[in-house]
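Encoded as C-alpha cells, the structure appears first; notes follow it.
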Amino acid sequence: MIIQEPDTKGYYGPYGGAYIPEMLHRNVEELQANYLEIINDNGFQEDFINLLHNYVGRPTPLFPAKNLSSRFKTKIYLKREDLCHTGAHKLNNVVGQILLAKRLKKKHIIAETGAGQHGVATATVCALMGLRCTVFMGSKDIQRQQPNVLRMKMLGAEVIAATSGNQTLKDAINEAIRYWINHSDETHYVIGSTIGPHPYPDMVARFQSVISSEIRKQLLEKEGRETPDYVVACVGGGSNAAGAFYHFISDSQVKLIGVEAAGEGVGSSNTAATIAIGTEGIIHGCRTLLMQTPDGQTKEAHSISAGLDYPGIGPLHAYLHQSQRASYYAITDEEALNAAFDLALSEGIIPALESAHALALLPKIAFRPHDIVVVNLSGRGDKDLAIYQEYFSHDNHDK
Numbered sequence: 231m232i233i234q235e236p237d238t239k240g241y242y243g244p245y246g247g248a249y250i251p252e253m254l255h256r257n258v259e260e261l262q263a264n265y266l267e268i269i270n271d272n273g274f275q276e277d278f279i280n281l282l283h284n285y286v287g288r289p290t291p292l293f294p295a296k297n298l299s300s301r302f303k304t305k306i307y308l309k310r311e312d313l314c315h316t317g318a319h320k321l322n323n324v325v326g327q328i329l330l331a332k333r334l335k336k337k338h339i340i341a342e343t344g345a346g347q348h349g350v351a352t353a354t355v356c357a358l359m360g361l362r363c364t365v366f367m368g369s370k371d372i373q374r375q376q377p378n379v380l381r382m383k384m385l386g387a388e389v390i391a392a393t394s395g396n397q398t399l400k401d402a403i404n405e406a407i408r409y410w411i412n413h414s415d416e417t418h419y420v421i422g423s424t425i426g427p428h429p430y431p432d433m434v435a436r437f438q439s440v441i442s443s444e445i446r447k448q449l450l451e452k453e454g455r456e457t458p459d460y461v462v463a464c465v466g467g468g469s470n471a472a473g474a475f476y477h478f479i480s481d482s483q484v485k486l487i488g489v490e491a492a493g494e495g496v497g498s499s500n501t502a503a504t505i506a507i508g509t510e511g512i513i514h515g516c517r518t519l520l521m522q523t524p525d526g527q528t529k530e531a532h533s534i535s536a537g538l539d540y541p542g543i544g545p546l547h548a549y550l551h552q553s554q555r556a557s558y559y560a561i562t563d564e565e566a567l568n569a570a571f572d573l574a575l576s577e578g579i580i581p582a583l584e585s586a587h588a589l590a591l592l593p594k595i596a597f598r599p600h601d602i603v604v605v606n607l608s609g610r611g612d613k614d615l616a617i618y619q620e621y622f623s624h625d626n627h628d629k
C-alpha cells in the first residue's frame with residue numbers, strides 16, 4: 231500500500247528519519263513529541279483555518295486555462311497559489327509552523343530561503359505575530375532575488391548571507407542549522423520544504439495539503455468529480471508538489487507528475503535533477519536521494535530558478551519515485567523560460583520560474599481530449615522579472 235504519512239520514526243519506506251547533531255536532539259524530539267497533538271487540536275485548527283481564509287486568501291482559485299487547453303487539446307486547470315498573500319504557496323506552511331512555535335513558547339524564528347518566497351512568508355507572519363525573524367539566504371540568491379530581499383527587510387527580518395559553497399539554498403540551510411545548534415532554547419527553525427529531520431517533511435506536507443484538499447472540492451463543483459487525471463507540480467525540496475499530491479496519493483487513477491530542474495541538461499555538470507541522477511544518502515537531517523560524488527560529497531546544484539536550485543529531494547518524493555506512485559521529469563532552464571513567456575501571452579499570467587518548469591512539461595505528455603489536468607502554479611513571477619528582462623533582451627521576445 232502506498233502511504234502519504236511516515237511511520238513513527240519518520241520514514242517513508244527507506245527514506246526519512248532524523249540524522250541530527252546531538253545538540254539538536256532536544257529541539258527535534260520536542261517537535262516529534264508534540265506536533266501531531268498540537269496541529270490536531272481544535273483550537274489550533276480554528277486559528278489555522280481562520281488565518282488561511284482571512285490572511286492568506288484561501289481558497290485559491292482553480293482556473294480553467296482555456297487557451298492552453300485549446301492548444302494541448304485537453305482540459306487544463308491552474309491551481310492559483312500565486313494568488314496567496316506574499317505570492318506563493320509558502321505562506322500555508324509558515325502560518326502553521328509559527329502557530330505551532332508560539333504554542334511551544336518560542337520567541338525567535340529562523341528560516342532558510344532560496345527564491346526568497348519562504349523568507350518573505352516567514353518575515354510576514356513574524357511581523358503579524360510580533361516575533362523576531364532571521365532569514366538565511368545564499369549570497370548568489372540575494373543578488374538574483376533582490377525584490378524579495380527588500381520585502382524581507384521591510385517586514386523587519388534580518389537577512390544573513392550564506393557565503394560558503396555555491397552560495398545558494400543548500401548553503402542557506404547549512405547556515406540555518408548551525409545557528410539553530412547554537413541558539414536552540416528559544417528558537418524555532420521554520421523549514422520551508424518537505425526536507426529535514428522528522429517531523430519536518432510530514433509537518434510541511436500536512437500544512438501544504440490544503441492545496442489538494444481544495445482541488446478535490448473545486449473539481450467536484452466544476453466537473454462533478456473530485457479527482458483529475460493528472461496533477462503536475464514543480465519539485466525542488468518538494469513542498470508545493472507534496473501539497474498538490476497529498477490527497478490524491480491513495481487514488482491510484484490520478485497520475486502524479488513532479489518536474490525537476492534540469493538546468494543546462496541532466497547530462498551536464500549544471501543541473502538540479504536529483505531524481506534523474508541522485509543516489510541514496512543523507513542531506514540536512516534525512517535519508518533521501520541527493521546528487522553526490524562516488525565518495526559521498528554533495529554536488530552543487532544549478533537551476534535558473536533559485537527555488538529549485540537544491541541537490542536533494544524530500545523523502546516523500548524519493549519514496550513516491552521508488553514506489554512508482556509518481557513520475558518525475560526534468561526541464562531545462564531554456565524550456566522553463568519559454569513556458570513562462572508562453573503562459574504570460576496565452577493566459578495573462580506571469581508565473582514564477584519554479585512554476586514555469588511544471589508548465590514546460592505540458593507539450594511532452596500525450597494527453598487525451600477528455601483528460602483533466604491540474605498544474606499547480608506555485609508562485610507568481612514578480613521576483614523573476616530581472617531574469618525575464620535579460621531573456622527578453624537576448625532573444626528579442628518583445629518584437
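Last residue of the sequence shown? That's 629 in our numbering, and every number before it is there in order.
The C-beta atom is built at its ideal place from N, Cα and C for all residues, glycine as well.
Would DSSP call residue i helix, strand or coil?
i: T354; result: helix
i: V379; result: helix
i: Q347; result: helix
i: H255; result: helix
i: L385; result: coil
i: G368; result: strand
i: G326; result: helix
i: F293; result: strand
i: N522; result: Contrary to the premise, residue 522 reads as Gln rather than Asn in this sequence. The answer is strand: DSSP assigns Q522 an E or B state.
i: K669; result: What is shown of the chain runs 231 to 629, which leaves residue 669 out entirely.
i: D566; result: According to the sequence as given, residue 566 is Ala; it is not Asp. Note: A566 maps to helix in three-state DSSP.
i: T528; result: strand
i: G497; result: coil
i: V286; result: helix
i: I487; result: strand
i: P593; result: helix
i: V434; result: helix
Does residue i pass the burial test, meaning 16 or more other C-beta atoms within 10 Å, or should it be called exposed?
i: D401; result: buried
i: Q527; result: exposed
i: L298; result: buried
i: S533; result: buried
i: Q619; result: exposed
i: A471; result: buried
i: P458; result: buried
i: T343; result: buried
i: Q483; result: exposed
i: H551; result: buried
i: T523; result: exposed
i: K613; result: buried
i: G467; result: buried
i: D237; result: exposed
i: E311; result: buried
i: L575; result: exposed
i: D525; result: exposed
i: P581; result: buried
Determine, using beta carbons only, whether residue i and residue j come nearer to each other than 8 Å.
i: H514; j: G422; result: no
i: Y559; j: I479; result: no
i: Y245; j: T424; result: no
i: H428; j: G247; result: yes
i: H604; j: H547; result: In the sequence as displayed, the identity of residue 604 is Val instead of His. No, the pair does not count as a contact, with Cβ atoms beyond the cut-off.
i: P431; j: G537; result: no
i: G473; j: V440; result: yes
i: L399; j: Y540; result: yes
i: D601; j: K309; result: no
i: V461; j: I561; result: no
i: I403; j: T364; result: no
i: G611; j: A570; result: yes
i: I250; j: V258; result: yes
i: S442; j: F475; result: yes
i: A318; j: G609; result: yes
i: M253; j: I407; result: no
Please return the same chain residues whose Cβ sits closer than 8 Å to the Cβ of residue i, not counting the five positions on each side in sequence.
i: E260; result: L334
i: T354; result: H315, T316, L321, V324, L385
i: M359; result: I328, K332
i: S553; result: I232, G243
i: K239; result: G246, G247, A248, H428
Can you list, in chain order, the residues of its chain whose CB lies under 7 Å from that of residue i, leaving out five sequence neighbours each side?
i: L615; result: none
i: L313; result: G287, T290, P291
i: A357; result: L385, G386
i: E416; result: K336, K337, H338
i: E235; result: D432
Identify, in the order they occur along the chain, each residue of the same chain with its Cβ nearer than 6 Å to the Cβ of residue i, setting aside the five sequence neighbours on each side.
i: G395; result: D401
i: K629; result: For K629, the pLDDT reaches just 40, beneath the cut-off of 50, and the residue's location in the model is therefore unreliable, leaving the point undetermined.
i: E444; result: P289
i: A295; result: I306, L308, E577
i: Y621; result: L567
i: L361; result: I339
Subject >> Three or more C-beta pairs below 8 Å linking the stretch 497 to 512 and the stretch 372 to 379 >> reply: Counting Cβ pairs under 8 Å, fewer than three are found: no touch.
Original post:
Any contact of the stretch 275 to 283 with the stretch 581 to 588, i.e. 3+ C-beta pairs under 8 Å?
Top reply: Taking a cut-off of 8 Å on C-beta distances, the stretch 275 to 283 does not touch the stretch 581 to 588, as fewer than three cross pairs fall below it.
**OP:** May I ask you to verify whether the stretch 440 to 458 touches the stretch 250 to 265, counting CB pairs closer than 8 Å and requiring at least 3?
**Re:** Counting C-beta pairs closer than 8 Å gives fewer than three between the stretch 440 to 458 and the stretch 250 to 265, which falls short of the contact rule.
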